[in-house]
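Residues 2 to 504 in the numbering used here are what the sequence shown lists, from first letter to last.
Where a beta carbon is used, it is the ideal one built from N, C-alpha and C, also for glycine.
As structure tokens, the structure follows; a few thoughts come after it.
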Amino acid sequence: MTKRSGTIALSIATAFGVAASLATPAAAENPNNSQKMRKAVTLEAVTEHLEQFQAIADANDGNRGAGTSGYEASAQYVEQTLQAAGYETERQYFTFTYQETLADSLTEVSPNARDIEHVPMSYSPDTPEGGITANVSTPTVATGCDASEYAGADVTGTIVLVSRGVCSFGQKSLAAAEAGAAAAIVYNNTDGALNGTLGGPDDGYVPTVGITQAEGQTLLSELAAGPVVLNFTLQQLIEERETFNIIAETSTGRDDNVVMLGAHLDGAYEGPGISDNGTGAAAQLEVAVQLAKVNKLNNKVRLAFWGAEELGLLGSSYYVNDLVENNPAELDNIATYLNFDMVGSPNYIIGVYDADESTYEAPVEVPEGSIATEAVFTDYFDSIGQPWVDTEFSGRSDYQPFIENGIAASGLFTGADDIKTEEEVAMFGGTAGIQHDPNYHTAADDINNYSPEAMDINSDAIAHAAITLAQDTSSINGVESNGKSGKPKKQVAPQAPEGQAAA
Numbered sequence: 002m003t004k005r006s007g008t009i010a011l012s013i014a015t016a017f018g019v020a021a022s023l024a025t026p027a028a029a030e031n032p033n034n035s036q037k038m039r040k041a042v043t044l045e046a047v048t049e050h051l052e053q054f055q056a057i058a059d060a061n062d063g064n065r066g067a068g069t070s071g072y073e074a075s076a077q078y079v080e081q082t083l084q085a086a087g088y089e090t091e092r093q094y095f096t097f098t099y100q101e102t103l104a105d106s107l108t109e110v111s112p113n114a115r116d117i118e119h120v121p122m123s124y125s126p127d128t129p130e131g132g133i134t135a136n137v138s139t140p141t142v143a144t145g146c147d148a149s150e151y152a153g154a155d156v157t158g159t160i161v162l163v164s165r166g167v168c169s170f171g172q173k174s175l176a177a178a179e180a181g182a183a184a185a186i187v188y189n190n191t192d193g194a195l196n197g198t199l200g201g202p203d204d205g206y207v208p209t210v211g212i213t214q215a216e217g218q219t220l221l222s223e224l225a226a227g228p229v230v231l232n233f234t235l236q237q238l239i240e241e242r243e244t245f246n247i248i249a250e251t252s253t254g255r256d257d258n259v260v261m262l263g264a265h266l267d268g269a270y271e272g273p274g275i276s277d278n279g280t281g282a283a284a285q286l287e288v289a290v291q292l293a294k295v296n297k298l299n300n301k302v303r304l305a306f307w308g309a310e311e312l313g314l315l316g317s318s319y320y321v322n323d324l325v326e327n328n329p330a331e332l333d334n335i336a337t338y339l340n341f342d343m344v345g346s347p348n349y350i351i352g353v354y355d356a357d358e359s360t361y362e363a364p365v366e367v368p369e370g371s372i373a374t375e376a377v378f379t380d381y382f383d384s385i386g387q388p389w390v391d392t393e394f395s396g397r398s399d400y401q402p403f404i405e406n407g408i409a410a411s412g413l414f415t416g417a418d419d420i421k422t423e424e425e426v427a428m429f430g431g432t433a434g435i436q437h438d439p440n441y442h443t444a445a446d447d448i449n450n451y452s453p454e455a456m457d458i459n460s461d462a463i464a465h466a467a468i469t470l471a472q473d474t475s476s477i478n479g480v481e482s483n484g485k486s487g488k489p490k491k492q493v494a495p496q497a498p499e500g501q502a503a504a
């Protein structure tokens, strides 16, 4: 892998207005089993990491997005914490397209003059100067995913209104362009704002924006009564920037049977990114600190803090692609990958990726070993009487490039923009009829809007899974903890991930 050393002096965090972590080490000197590790990973220590991420955002324009000073300061805090625990850290650099919205508006010109709540899609092209003023149209099929769904519809020169669902936002934008539309509006298919990405730059896109389900329904009702005219304006700063992943691993354990943990460190540009994904990064960071105290691990644990997840899983895709191209044997040495993206949502569920498809049919191929990896979490929750639910094994986070290359995976998730049900309230408390995270990708995703209870539950689950698999992955891949060989080869040949925008 092409990596640059990320060694940072402990004093650097204070240069960004952030004090180094002063958490008191847990009492366990050798937390080498689940009970000891869970005791060692305290909510107090995890909370302190979250507070540091908030302080970093406060000192850096309110966010910790990829390519910003807030991300750099977050990375330095993670590095100095890991180094203080005894790890060597490395940065894995890659480039990405940075976007900053300079001006945007979406207004109804007629029949009613009003502003429409909206969020521009990441990687959307700009509108011409002065914006696009045009009639609203719809495809033949509401989702507007391809040419067949526009058959018989004349949308040339219009702003086409399509529903979320079935395909990615990027596919919707491309289909609208191919049909002749001047711009595209995607309305949500559930309550709440629609924050989306087209997945990456593409000359084939039209300017694209997301709106709420309610706004979409209003426009459709107006359109049924007669013509609707909108103006859509979008101007952005777009430039190539450099960002990086942080990689570290335990000093003990066999390196041909690696257990990998990952959480994205970057947040959305709209806010501090505490729930998404300070929670996953903070929990993983404290688990790493405590793993370093174990005298001997049977399997190495590799820790990744991903960059640019919010821009299309760029950091994890770069990492896996680099292994595919330059070191496929090292890719095969990864026994399983555990993903932690949002583990403290304020209106939480306790969700585990549904690898066995007992609730949701997976829209992706589920690698061998993923069901057993899921069971590490679900068996643990069952053993302590903690309710949990399945969440779709969809690949819509940093485990995507791993599963595309045959690596077993699972993870935890407390919910984002899905709506909490009455059944979920009965299991976990909270409020039905609103999002699991009402502040998802907004300025309100801050230290005041996460669930310490969910953090406590999931920090223990991460601690349990990490130490359990660090000692024995035989249930995943047949490798005995004290075995010298016999690791079965994966049945899926590595292939470079193509990338996937969240839909």
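Within a 10 Å sphere around the beta-carbon of ASN340 sit 16 or more other beta-carbons, which makes this residue buried. The DSSP-derived three-state label of THR415 is coil. In terms of Cα proximity to ILE420, the closest of LEU413, SER411, GLY431 and GLY205 is GLY431. Residue pairing for PRO388: DSSP places it in no beta bridge. Counting C-beta pairs closer than 8 Å gives three or more between the stretch 251 to 264 and the stretch 325 to 343, which meets the contact rule. When secondary structure is reduced to three states using DSSP, VAL290 falls in the helix class. For ALA336, no alpha helix (DSSP H) encloses it; the enclosing beta strand (DSSP E) starts and ends at 335 to 341.
With 16 or more other Cβ atoms from the protein chains shown falling within 10 Å of its own Cβ, GLN291 counts as buried. Within the stretch 145 to 185, the runs of beta strand (DSSP E) at least 3 residues long that lie entirely inside it are, in chain order, 160 to 164.
Boundaries of the alpha helix (DSSP H) around ALA455: 453 to 472. For LEU266, the secondary structure class from DSSP, reduced to helix, strand or coil, is coil. Looking at the DSSP output, MET261 sits in a beta bridge with ARG303 and TYR338. At the C-beta level, HIS437 and ALA410 stay beyond 8 Å of one another. Only residues of its own chain outside the window of five on either side were considered, and among them MET428 have a CB closer than 6 Å to the CB of PRO388, listed in chain order. Three or more pairs of CB atoms, one per stretch, sit closer than 8 Å, so the stretch 434 to 450 contacts the stretch 265 to 281. Membership of LEU315 in the alpha helix (DSSP H) is indicated by the continuous run 315 to 327. By the beta-carbon neighbour count (other beta carbons within 10 angstroms, threshold 16), LYS301 is buried. Nearest neighbour of THR108 by Cα position, chosen from VAL137, GLY308, LEU83 and SER123, turns out to be VAL137. Annotation: ASP59 to GLU49 spans about 15 Å, alpha carbon to alpha carbon.
Taking a contact to require three or more Cβ pairs closer than 8 Å, the stretch 124 to 137 and the stretch 225 to 239 qualify as touching.
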